[in-house]
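Asker:
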Amino acid sequence: MGKIKEIIYTFVFKRALHYAEINDLESMRRLLHWIGKITTDEDHQKVISNFQKYVDDPSSSHNKIFKTVFTQIAPNVRNKFLTNFFIKATLFGREKALKTAKIQDCNIPWAILMDPTSSCNLNCIGCWASEYSHQDSLSFAELNHIIEQGKELGIFMYIYSGGEPLLRKTDLVALAEKHQDCAFLAFTNGTLVDEDFTRELVRVGNFVLAFSIEGIGNATDMRRGIGTYDKVIKSMDLMKEAGAGFGYSCCYHRKNIDAVASDEFVDLMIEKGSLFAWYFTYIPLGKTAAMELVALPHQREYMYHRIREIRNTKPLFALDFWNDGEYTKGCIAGGRNYFHINAHGDVEPCAFIHYSNLNIKDSSLLNALKSPLFEQYRENQPFNQNHLRPCPLLDNPDKLAMMVNKSGAHSTQQLDMETVEELTEKVYNLSVSWGDVADSLWEQGTNVKKSPSHLD
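Sequential numbering of the sequence shown, starting at 1, is according to UniProt numbering.
1) In three-state DSSP terms, what is residue 51?
2) Quick one: measure Cβ to Cβ for residue 210 and residue 81, integer angstroms, because I've assumed they're closer than 8 angstroms.
3) Starting from the Cα of residue 224, find the closest Cα among 190, 245, 244 and give me that residue.
4) Would you please state the rounded distance, in angstroms, between the beta carbons of residue 351 and residue 161? I believe it to be under 8 angstroms.
5) Quick one: which unbroken alpha helix (DSSP H) runs of 4-plus residues sit fully inside the region 306-377? Chain order, please.
6) In the DSSP assignment, find the unbroken alpha helix (DSSP H) run with residue 281 in it and report its ends.
7) May I ask you to report which of helix, strand or coil DSSP gives residue 295?
8) Under 8 angstroms, do residue 362 and residue 412 count as touching if we go by C-beta distance?
9) Measuring CA to CA, which of 310, 278, 338 is closest to residue 320?
10) Exposed or buried, what is residue 436 when buried is set at 16 or more other beta-carbons lying within 10 Å of its beta-carbon?
11) Tell me whether residue 452 sits in a helix, a strand or coil according to DSSP, three-state version.
12) Using a Cβ-Cβ cut-off of 8 angstroms (strictly less than) and excluding sequence neighbours within five positions of residue 259, which residues of its own chain qualify?
13) Looking at the structure shown, is residue 185 part of a helix, part of a strand, or coil, going by DSSP?
14) Which stretch, first to last residue, makes up the beta strand (DSSP E) that contains residue 233?
15) Exposed or buried, residue 42, counting other C-beta atoms within 10 Å across all chains shown (16 or more means buried)?
16) Please confirm whether residue 147 and residue 175 have their CB atoms less than 8 angstroms apart.
17) Where DSSP assigns a beta bridge to residue 170, which residues make up the other side?
18) Count the other CB atoms, across all protein chains shown, that sit within 10 Å of the CB of residue 403; report buried if there are 16 or more and exposed otherwise.
19) Looking at residue 335: is its Cβ nearer than 8 angstroms to the Cβ of residue 108?
20) Please give the ranges of any beta strand (DSSP E) in the region 80-137, keeping only runs that are unbroken, at least 3 residues long and fully inside the region.
21) Buried or exposed: which applies to residue 206, given that a residue is buried once 16 or more other Cβ atoms fall within 10 Å of its Cβ?
22) With a 10 Å radius around its C-beta and 16 neighbouring C-beta atoms as the bar for buried, classify residue 30 as buried or exposed.
23) The beta strand (DSSP E) that contains residue 159, what's its start and end?
24) Relative to the C-alpha of residue 287, which residue among 423, 377, 269, 380 is closest?
25) Got a sec, what are the start and stop residues for the beta strand (DSSP E) residue 260 sits in?
26) In whole angstroms, what separates the C-alpha of residue 434 from that of residue 285?
27) Just how far apart, CA to CA, sit residue 342 and residue 263?
28) Taking only beta-carbon atoms, is residue 104 less than 8 angstroms away from chain D?
29) Whose C-alpha, out of 315, 295, 152, is nearest the C-alpha of residue 89?
30) What are the start and end residues of the beta strand (DSSP E) that includes residue 192?
31) List the whole-angstrom C-beta distance separating residue 32 from residue 55, where the pair is believed to meet the contact cut-off of C-beta under 8 angstroms.
32) Suppose you measure from the CA of residue 247 to the CA of residue 187; what does that come to, to the nearest Å?
33) What residue range does the beta strand (DSSP E) around residue 246 cover?
34) Please confirm whether residue 427 and residue 405 have their CB atoms less than 8 angstroms apart.
35) Roughly how many angstroms separate the alpha carbons of residue 74 and residue 238, rounded to a whole number?
36) Helix, strand or coil for residue 145? Go by DSSP, reduced to three states.
The following block contains the structure:
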């Protein structure tokens with residue numbers, strides 16, 4: 001019955017996309033109303049309800065994003081990626097994953113983040129991946145095996161980081177083509193995109209990019225090297241011209257808050273064709289981390305308000321990996337919604353938590369999700385009842401130290417083997433300061449109930 005329902009949903013979703021493409025919004029409304037009537041699953045009803053809101057309110061920023069998708073994005077990208085993202089990954093894949101999680105008594109995530117390679121053609125200041133060996137990689141066969149195992153568990157969303165993942169772009173396109181029922185996204189520095197690659201992205205349809213950028217001109221080049229900004233902008237132009245799907249990714253830190261949050265920058269990203277934005281805060285990983293870049297509590301508070309303003313007023317799906325904990329009910333790592341496999345094969349709870357019990361090259365995916373450190377995450381999440389303090393490192397460092405020590409996990413930073421005590425000591429005072437700010441925000445009720453968003 002589940003497979004039949006998935007086929008029906010897929011057909012209806014594709015018809016809805018067709019009606020939107022020909023601007024027959026009334027037919028689309030009727031179709032969404034009908035599917036909303038026949039579904040009994042609350043999560044499915046929520047997704048359908050959100051689509052109905054996007055269609056019904058032409059003045060909303062969400063409706064404008066919706067229209068951009070149908071005027072800017074190539075039909076093959078629009079149909080394949082959106083169908084895989086919403087139907088496979090978010091609806092039926094997640095349903096299967098939750099059932100599997102209950103049977104296996106462990107977390108099964110919505111997405112897996114993987115590093116195809118630790119190599120990179122840039123040398124960015126403060127890069128979270130810089131403490132890994134630069135010679136590691138996951139082979140095509142290993143990446144493919146991870147995806148095959150993931151699909152069996154109900155995981156249909158795969159994200160790449162690095163290193164620079166597009167150093168392996170031929171393999172990544174081949175994986176997207178091989179797994180046409182999955183959605184793929186790569187975080188990239190944007191310097192290796194050319195016309196041939198954009199055509200390949202449009203051809204496979206289920207693979208989009210997120211360009212790392214930190215403001216206009218020197219604001220980006222400061223950490224990433226002179227000329228990087230211009231290369232990223234050129235790549236965005238090529239992507240938009242081809243009809244490929246993309247967004248941008250920002251690491252905000254003490255010195256660039258104004259640059260990455262300005263109307264000038266955000267509006268430029270939208271003009272260039274970005275449909276979504278991921279905001280991350282700088283995390284001081286490694287013994288030589290640039291502590292002077294760590295955002296101060298008042299800056300993080302500013303970004304908390306600013307991201308909500310952006311997504312409620314601009315045609316852009318904006319997410320803040322740390323400050324959106326109120327929507328996700330805390331930390332999403334440790335397999336709760338995602339986890340990380342680095343290029344060496346170490347299975348880590350998060351891209352920013354470089355500790356592990358085992359290597360995917362010697363373990364099944366399911367066994368990795370049952371590893372001691374992942375079990376510690378499952379037992380202790382949420383790490384704080386105030387979901388504006390979601391992170392076990394940045395917000396609750398004592399929790400991270402406890403979990404790593406109790407699980408016997410080892411450092412995966414091959415270049416400096418930073419202990420968890422060394423790591424958490426660096427952020428302890430900041431976590432206390434942020435706690436005061438976050439508790440005030442939480443107590444004032446400046447949370448999800450008073451901050452309508454497309455995340456609802």
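Think of the CB as a built atom: it goes at the ideal place given N, C-alpha and C, for glycine as much as any other residue. Since the model is a prediction, treat every value here as computed from it, not as a measurement.
Answerer: Straight from the coordinates:
1) The residue labelled residue 51 in the question sits at position 51 within the sequence shown. Residue state, collapsed to three classes: helix.
2) Stepping through the sequence shown from its first residue, residue 210 is reached at position 210. Stepping through the sequence shown from its first residue, residue 81 is reached at position 81. Not quite, the Cβ-Cβ distance comes to about 13 angstroms (not below 8 angstroms), so this is no contact.
3) Within the sequence shown, the letter at position 224 stands for residue 224. It is 190 whose Cα lies nearest to the Cα of residue 224.
4) Here residue 351 refers to the residue found at position 351 when the sequence shown is read from its first residue. Here residue 161 refers to the residue found at position 161 when the sequence shown is read from its first residue. The Cβ separation is near 6 angstroms, so the contact holds.
5) 325-328, 365-369
6) Position 281 of the sequence shown, counted from the first residue, corresponds to residue 281. Taken as a continuous stretch (DSSP letters only), residue 281 belongs to no alpha helix (DSSP H), being part of the beta strand (DSSP E) at 276-281.
7) Working through the sequence shown from its first residue, we reach residue 295 at position 295. Coil.
8) Working through the sequence shown from its first residue, we reach residue 362 at position 362. Working through the sequence shown from its first residue, we reach residue 412 at position 412. No, Cβ-Cβ distance for residue 362 and residue 412 is not below 8 angstroms.
9) In the sequence shown, counting from the first residue as 1, residue 320 sits at position 320. When only C-alpha atoms are compared, the closest one is 278.
10) Here residue 436 corresponds to residue number 436 of the sequence shown, with the count starting at 1. With fewer than 16 other Cβ atoms within 10 Å, it is exposed.
11) If you number the sequence shown from 1, residue 452 lands on position 452. Caution applies to residue 452, whose pLDDT of 40 falls short of 50 and renders its modelled position unreliable; the value that the coordinates give is listed next. Correct three-state label for residue 452: coil.
12) Here the question's residue 259 lines up with position 259 in the sequence shown. Within the same chain, residue 259 has close Cβ partners 214, 215, 216, 219, 265.
13) Residue mapping note: residue 185 aligns to position 185 of the sequence shown, counting from 1. Strand, per DSSP.
14) Working through the sequence shown from its first residue, we reach residue 233 at position 233. Premise fails: residue 233 lies in the alpha helix (DSSP H), 228-242, not in any beta strand (DSSP E).
15) Counting from 1 along the sequence shown, the entry for residue 42 is found at position 42. So residue 42 counts as exposed.
16) For the purposes of this step, residue 147 is taken as the residue at position 147 of the sequence shown. For the purposes of this step, residue 175 is taken as the residue at position 175 of the sequence shown. Taking 8 angstroms as the Cβ cut-off, residue 147 and residue 175 qualify as a contacting pair.
17) Position 170 of the sequence shown, counted from the start, is the residue given in the question as residue 170. None, per the DSSP bridge assignment.
18) Within the sequence shown, numbered from 1, the residue matching residue 403 stands at position 403. Buried.
19) Against the sequence shown, residue 335 aligns to sequence position 335. Against the sequence shown, residue 108 aligns to sequence position 108. Their beta carbons are under 8 angstroms apart, which means residue 335 touches residue 108 by this criterion.
20) 111-114
21) The count along the sequence shown starts at 1 and reaches residue 206 at position 206. The residue is buried, with at least 16 neighbouring Cβ atoms inside 10 Å.
22) Reading the sequence shown from its first residue, position 30 is the one you call residue 30. By the neighbour-count rule (16 or more Cβ atoms within 10 Å), residue 30 is not buried but exposed.
23) As a position in the sequence shown, residue 159 is number 159, starting the count at 1. Residues 157-160.
24) Translated into positions along the sequence shown, residue 287 becomes position 287. The shortest Cα separation from residue 287 among 423, 377, 269, 380 belongs to 423.
25) The count along the sequence shown starts at 1 and reaches residue 260 at position 260. Per DSSP, residue 260 belongs to no beta strand (DSSP E); it is in the alpha helix (DSSP H), 257-261.
26) Along the sequence shown, read from residue 1 onward, the residue named residue 434 stands at position 434. Along the sequence shown, read from residue 1 onward, the residue named residue 285 stands at position 285. About 19 angstroms.
27) Position 342 of the sequence shown holds residue 342. Position 263 of the sequence shown holds residue 263. Cα-Cα distance, rounded: 35 angstroms.
28) The question asks about chain D, but that chain is absent: this structure has only one protein chain.
29) For the purposes of this step, residue 89 is identified with residue 89 of the sequence shown, where counting begins at 1. For residue 89, the nearest C-alpha among the options comes from 152.
30) In the sequence shown, residue 192 corresponds to position 192, counting from 1. Unbroken run through residue 192: none, as it is neither H nor E.
31) Walking along the sequence shown from the start, residue 32 turns up at place 32. Walking along the sequence shown from the start, residue 55 turns up at place 55. With a Cβ gap of about 7 angstroms, residue 32 and residue 55 count as contacting.
32) Working through the sequence shown from its first residue, we reach residue 247 at position 247. Working through the sequence shown from its first residue, we reach residue 187 at position 187. Rounded to whole angstroms, residue 247 to residue 187 spans 9 angstroms at the Cα level.
33) Within the sequence shown, residue 246 is the residue found at index 246, counting from 1. That run of the beta strand (DSSP E) goes 246-252.
34) What you label residue 427 is simply residue 427 of the sequence shown in a count that begins at 1. What you label residue 405 is simply residue 405 of the sequence shown in a count that begins at 1. Taking 8 angstroms as the Cβ cut-off, residue 427 and residue 405 do not qualify as a contacting pair.
35) Here residue 74 corresponds to residue number 74 of the sequence shown, with the count starting at 1. Here residue 238 corresponds to residue number 238 of the sequence shown, with the count starting at 1. The straight-line gap from Cα to Cα measures roughly 13 angstroms.
36) For the purposes of this step, residue 145 is identified with residue 145 of the sequence shown, where counting begins at 1. Residue 145 falls in the helix class under three-state DSSP.
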